[in-house]
Each structure stands twice: as C-alpha cells, then as structure tokens.
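Take 267 as the starting number for the sequence shown in the numbering used here and just add one per residue.
Below you'll find the structure, written out as structure tokens, and then a few comments.
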Amino acid sequence: MTSHQWGRVADDGTVYVRTNDGERAVGSYPAGTPEEALDFFTERFAALAFEVELLEKRVNSGVMSPEEAAESVRTVRAQVHDANAVGDLAGLEARLDALAPILAIQRDARRAEKEKRSAEAREAKEKLVAQAEKLAEGDDWRHGANRLRDLLEQWKAIPRIDRASDDALWRRFSTARTSYTRRRKAHFAQLNEQREGAKAVKERLATEAEALADSTDWGPTAGRYRDLMRDWKAAGPAPKDIDDKLWKRFRGAQDRFFGARDAANAALDEEFAANAEVKDALLVEAEALLPALEQSGDIEAAKRAFRDIADRWDAAGKVPRSRMKELEARIRKVEQTIRGHEDEQWRRSDPEKSARADDMVAKLQAAIDEVEANLEKARAAGNQKKVTELEENLASRQAFLEMARRASAEYGG
Numbered sequence: 267m268t269s270h271q272w273g274r275v276a277d278d279g280t281v282y283v284r285t286n287d288g289e290r291a292v293g294s295y296p297a298g299t300p301e302e303a304l305d306f307f308t309e310r311f312a313a314l315a316f317e318v319e320l321l322e323k324r325v326n327s328g329v330m331s332p333e334e335a336a337e338s339v340r341t342v343r344a345q346v347h348d349a350n351a352v353g354d355l356a357g358l359e360a361r362l363d364a365l366a367p368i369l370a371i372q373r374d375a376r377r378a379e380k381e382k383r384s385a386e387a388r389e390a391k392e393k394l395v396a397q398a399e400k401l402a403e404g405d406d407w408r409h410g411a412n413r414l415r416d417l418l419e420q421w422k423a424i425p426r427i428d429r430a431s432d433d434a435l436w437r438r439f440s441t442a443r444t445s446y447t448r449r450r451k452a453h454f455a456q457l458n459e460q461r462e463g464a465k466a467v468k469e470r471l472a473t474e475a476e477a478l479a480d481s482t483d484w485g486p487t488a489g490r491y492r493d494l495m496r497d498w499k500a501a502g503p504a505p506k507d508i509d510d511k512l513w514k515r516f517r518g519a520q521d522r523f524f525g526a527r528d529a530a531n532a533a534l535d536e537e538f539a540a541n542a543e544v545k546d547a548l549l550v551e552a553e554a555l556l557p558a559l560e561q562s563g564d565i566e567a568a569k570r571a572f573r574d575i576a577d578r579w580d581a582a583g584k585v586p587r588s589r590m591k592e593l594e595a596r597i598r599k600v601e602q603t604i605r606g607h608e609d610e611q612w613r614r615s616d617p618e619k620s621a622r623a624d625d626m627v628a629k630l631q632a633a634i635d636e637v638e639a640n641l642e643k644a645r646a647a648g649n650q651k652k653v654t655e656l657e658e659n660l661a662s663r664q665a666f667l668e669m670a671r672r673a674s675a676e677y678g679g
C-alpha cells in the first residue's frame with residue numbers, strides 16, 4: 267500500500283482521498299505504479315486549487331458582478347465536493363466559503379451604487395420634466411421646439427429607474443411636449459391668419475400710395491402719406507416675401523411724391539431767395555432801431571419805424587424754408603424788445619393811453635378781415651400760390667393782433 271497525506275493507494279490499485287467524513291474512493295490508475303496513480307490524482311487537485319485561486323482573485327478584484335461570482339462559486343464548489351482528486355478538498359471548500367462575506371459586501375456596495383445612480387437618474391429626469399413643462403407653458407415659439415428635442419436626447423441618455431416612476435415621469439415629459447406642439451401650431455395658424463389680413467390691408471395701402479404719388483397738393487397729400495404710414499405699421503407683418511414686395515411699392519410711391527415735393531420746394535426756395543435778401547436788409551434796419559431806442563427812449567418813433575418795416579416785411583413775401591425760422595426769430599426779437607420798452611412805459615403812464623392800443627387792435631382786426639376775405643376769394647379761384655402768400659400774411663398779422671390785444675388788456679386791467 268502506498269500512502270499520501272491526503273490519500274492512499276490500496277493493494278488492489280484503488281485510490282482513496284481522506285476527507286473530514288473519512289476516506290472516499292476517487293478512482294484507480296491501472297496503467298501505472300501506485301506513485302504514478304497518486305501523482306495523477308494530486309495533479310487533478312492542483313488543477314482544482316488553481317481554479318479556486320483564480321476565482322478568489324477575480325472576486326477580490328471586483329471584475330465580476332456578485333451574482334456572476336456567486337454562480338461561479340457554486341459551480342466550483344460542486345466540482346470540489348465530488349472531485350476525484352487527492353488533496354485538501356475541505357480546505358478548498360473553506361476558501362470558497364470565505365468568499366461569501368466578500369460577495370455580501372460587494373452586493374451591498376453594488377446595491378448602494380445602483381440606488382445612488384437611480385436617485386441621480388430620477389433627479390436628472392425630474393429636472394428635464396420641469397424644463398419641458400416650463401417650455402410648454404411659455405411662448406418661445408422660435409427656440410422652444412429645438413430645446414424640447416435637445417431635452418429628449420438628454421432623456422434617452424439617462425438610465426431607466428424603477429418602472430413606475432420612470433413611466434410617470436415620461437408621461438409628464440411627453441404631455442409637456444404634446445402641449446407645447448399643439449399650442450405652437452395654434453399660434454402659427456393664428457399668425458398666418460393675421461398675416462393674410464395684413465396682406466390685404468397693405469395691398470390697399472400700397473394701391474392708395476401709388477394713386478397719390480403724382481399729386482401736387484403737397485400739404486394734404488403729405489398728411490395723407492403720414493396717415494398711410496401709421497396704418498401700415500398698425501397692420502403688422504404680412505408673409506415675408508409678399509411684405510417685401512408691398513413695401514417696395516409703398517415706399518416707391520412715397521419717394522416719388524416727396525421727391526417731387528422737394529424739387530418743387532427747391533424751385534420755390536430759389537424763387538424766394540431774393541425775398542430773403544430784402545428781409546436781411548430790413549433786419550439790419552430793424553435791429554438798428556434798438557440802440558437808438560435805448561439812447562432816445564422815444565418808443566413812439568421806434569414803433570412807427572417798426573410798423574413801416576413790418577409792412578415792408580410782409581410785402582417782401584415768402585423766403586426759402588431754410589431761412590424762415592432764423593429770419594422770423596430775429597424780427598420777433600426786435601418786436602418783443604420794443605414791446606418790452608412800451609410795456610414798461612405803459613406801466614408808468616396814464617391809463618388813458620390805452621385808447622391807442624385799442625385803436626391798433628381795431629386797425630389790425632380790420633386789416634385781418636380784409637386779408638381773410640381775399641384769402642377766401644383766392645381759395646375759391648383755386649389760386650394756390652396766392653392762397654399760400656395770404657396765409658403767411660394772415661399768420662403774421664394775427665401774431666401782431668394778439669400782442670396788441672394783450673397790450674390793450676393790460677391798459678384796461
């Protein structure tokens with residue numbers, strides 16, 4: 267009989283392994299000697315030991331999931347328990363048993379990690395749902411659809427959580443997308459309807475603008491163009507390609523009218539240039555009254571001289587538009603300075619002198635009545651040039667009348 271620490275070979279060639287439960291026959295090796303038979307069965311044990319060692323390394327490294335590792339442990343245990351090998355089989359089983367606490371720790375770690383990932387995924391999906399619902403309630407029609415598509419791609423990249431929660435969050439997300447899409451379609455349908463309405467309005471405005479383009483009734487037509495522009499802005503946008511074409515027609519008509527008006531005004535300005543030269547000379551004469559008035563204090567002489575200048579000023583006629591404000595401001599300054607001196611004198615004079623102011627009011631009113639009568643005749647005759655001259659004359663005399671009335675009121679008060 268040949269023996270080994272963990273087994274022996276009987277005289278009949280049977281090989282036994284020693285276990286905690288006693289000896290167990292594992293086979294025989296008739297082709298060789300007892301020593302060769304033991305070597306054969308101990309090599310089988312060595313192969314099992316190597317497999318257990320490899321499994322230990324894989325379990326400890328964590329490359330296997332706890333479930334996969336447990337299944338491998340069960341498989342190897344079955345091989346070890348009934349192994350036809352000679353060696354410390356109980357020791358191998360003990361090493362396999364020692365893996366159980368490690369797998370338990372790994373299961374707990376995996377479970378905690380899974381719960382953490384699930385919580386993170388839930389939080390991420392809840393944020394996406396909140397963003398989608400906010401978009402669904404808003405009116406960002408330009409960027410909202412693209413943003414919802416981006417949110418959907420982000421949703422797809424997030425791992426699923428428990429089915430009930432995942433389905434509930436998805437229903438909210440999907441409902442938000444559907445709501446936004448429905449409202450967006452309704453918005454653009456309404457917008458298209460409004461644009462069609464704007465198209466009809468702008469076609470009418472463009473047609474009217476073109477009809478007015480050759481008018482020479484400068485004042486009323488310019489006013490009408492202002493009204494048309496106001497209506498154009500209030501109409502809102504039409505479909506873009508049509509809107510651009512209608513605007514080109516509308517603006518072209520405007521440009522033609524105002525270009526013609528500017529040309530006519532330029533011609534008038536050239537015609538009125540000589541009148542401006544006359545008024546420049548009158549201003550020199552009028553402004554020279556003030557130093558003389560300061561020196562002499564003779565207000566009546568200054569007033570007579572200014573009335574004469576004012577009559578010649580009115581007779582000089584219109585001036586170029588670019589000179590009107592400047593010239594009127596200078597003549598009014600002279601007038602107001604004389605009026606200031608006169609007011610001061612009136613405050614120090616006998617109230618009976620108010621009769622002179624009343625007389626001036628009466629004369630100015632009579633002159634205005636005459637101008638108004640002539641203006642009505644010119645309008646009836648369709649003499650636009652005469653109408654313009656008389657309107658300017660009337661405005662000037664009315665300004666003088668207003669000042670005269672104030673002076674009369676001061677005396678009367």
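All C-beta atoms, glycine included, are put in the ideal place defined by N, C-alpha and C.
Treat the numbers as computed from the prediction; the structure is a model and nothing was measured.
Residue of the options minimising C-alpha distance to residue i
i, options, result
"Trp272", "Leu549, Asp278, Glu289, Lys465", "Glu289"
"Arg340", "Gly353, Ser327, Gly328, Glu359", "Glu359"
"Ala466", "Ser445, Ala479, Ser294, Ala501", "Ala501"
"Phe306", "Glu317, Glu322, Gly279", "Gly279"
"Ala317", "Gly328, Ala356, Leu362", "A small correction: the amino acid at residue 317 is Glu; Ala does not occupy that position in the sequence shown. Here the closest residue by C-alpha is Leu362."
"Leu365", "Ala552, Arg324, Lys400, Ala291", "Arg324"
"Arg408", "Glu389, Gly293, Thr447", "Thr447"
"Gly410", "Gly525, Arg450, Gln420, Leu355", "Arg450"
"Ile565", "Pro296, Ala370, Glu601, His347", "Glu601"
"Ile634", "Ile424, Ala504, Glu668, Asp480", "Glu668"
"Arg522", "Ala488, Val275, Ala595", "Ala488"
"Ala430", "Leu417, Glu334, Arg388, Asp416", "Arg388"
"Ala475", "Asp483, Arg490, Thr482, Arg461", "Arg490"
"Leu369", "Ser440, Ala336, Glu319, Lys380", "Ala336"
"Glu419", "Ala398, Ile427, Glu403", "Ala398"
"Arg587", "Ala297, Gly648, Asn541", "Asn541"
"Arg438", "Asp406, Lys569, Asp428, Glu392", "Glu392"
"Glu571", "Ala554, Glu638, Val585", "Per the sequence presented here, residue 571 reads as Ala, with Glu not at that position. Among Ala554, Glu638, Val585, the Cα nearest to that of Ala571 is on Ala554."
"Val283", "Ala349, Ala455, Lys514", "Ala349"
"Asn286", "Tyr295, Glu322, Ala356, His347", "Ala356"
Three-state secondary structure assigned by DSSP to residue i
i, result
"Val352", "coil"
"Thr280", "strand"
"Ser294", "strand"
"Thr441", "helix"
"Arg671", "helix"
"Val585", "coil"
"Gly648", "coil"
"Val329", "coil"
"Ala661", "helix"
"Thr654", "helix"
"Thr447", "helix"
"Thr285", "strand"
Residue i: first and last residue of the uninterrupted alpha helix (DSSP H) it sits in
i, result
"Ala582", "565-582"
"Gly410", "410-423"
"Arg496", "484-501"
"Ala558", "555-562"
Residue i, buried or exposed, once every other Cβ within 10 Å from all chains shown has been counted against 16
i, result
"Glu608", "buried"
"Val550", "exposed"
"Asn659", "buried"
"His453", "exposed"
"Gly353", "buried"
"Leu457", "exposed"
"Pro332", "buried"
"Arg663", "buried"
"Gln561", "exposed"
"Ile597", "buried"
"Gln372", "buried"
"Lys506", "exposed"
"His270", "buried"
"Val342", "buried"
"Arg415", "exposed"
"Val329", "exposed"
"Asp277", "exposed"
"Arg443", "buried"
"Leu512", "buried"
"Lys651", "exposed"
"Ala595", "exposed"
The beta strand (DSSP E) enclosing residue i, as first and last residue numbers
i, result
"Thr274", "Looking at the sequence provided, one finds Arg at residue 274 rather than Thr. Start and end: 273-275."
Check: residue i C-beta below 6 Å from any heavy atom of the ligand ATP
i, result
"Arg361", "In the structure on display, the ligand ATP does not appear, and there are no ligands present to speak of."
Short CB-CB distance (under 7 Å) between residue i and chain B
i, result
"Phe454", "The chain inventory of the structure shown lacks chain B, comprising one protein chain alone."
Minimum length 4: unbroken alpha helix (DSSP H) runs contained in the region 339-406
Taken in chain order, the complete alpha helix (DSSP H) segments of 4 residues or longer contained in the region 339-406 are 355-363, 365-403.
Ignoring anything shorter than 4 residues or poking outside the region 502-539, list the alpha helix (DSSP H) runs there in chain order.
Taken in chain order, the region 502-539 contains no complete alpha helix (DSSP H) segment of 4 residues or longer.
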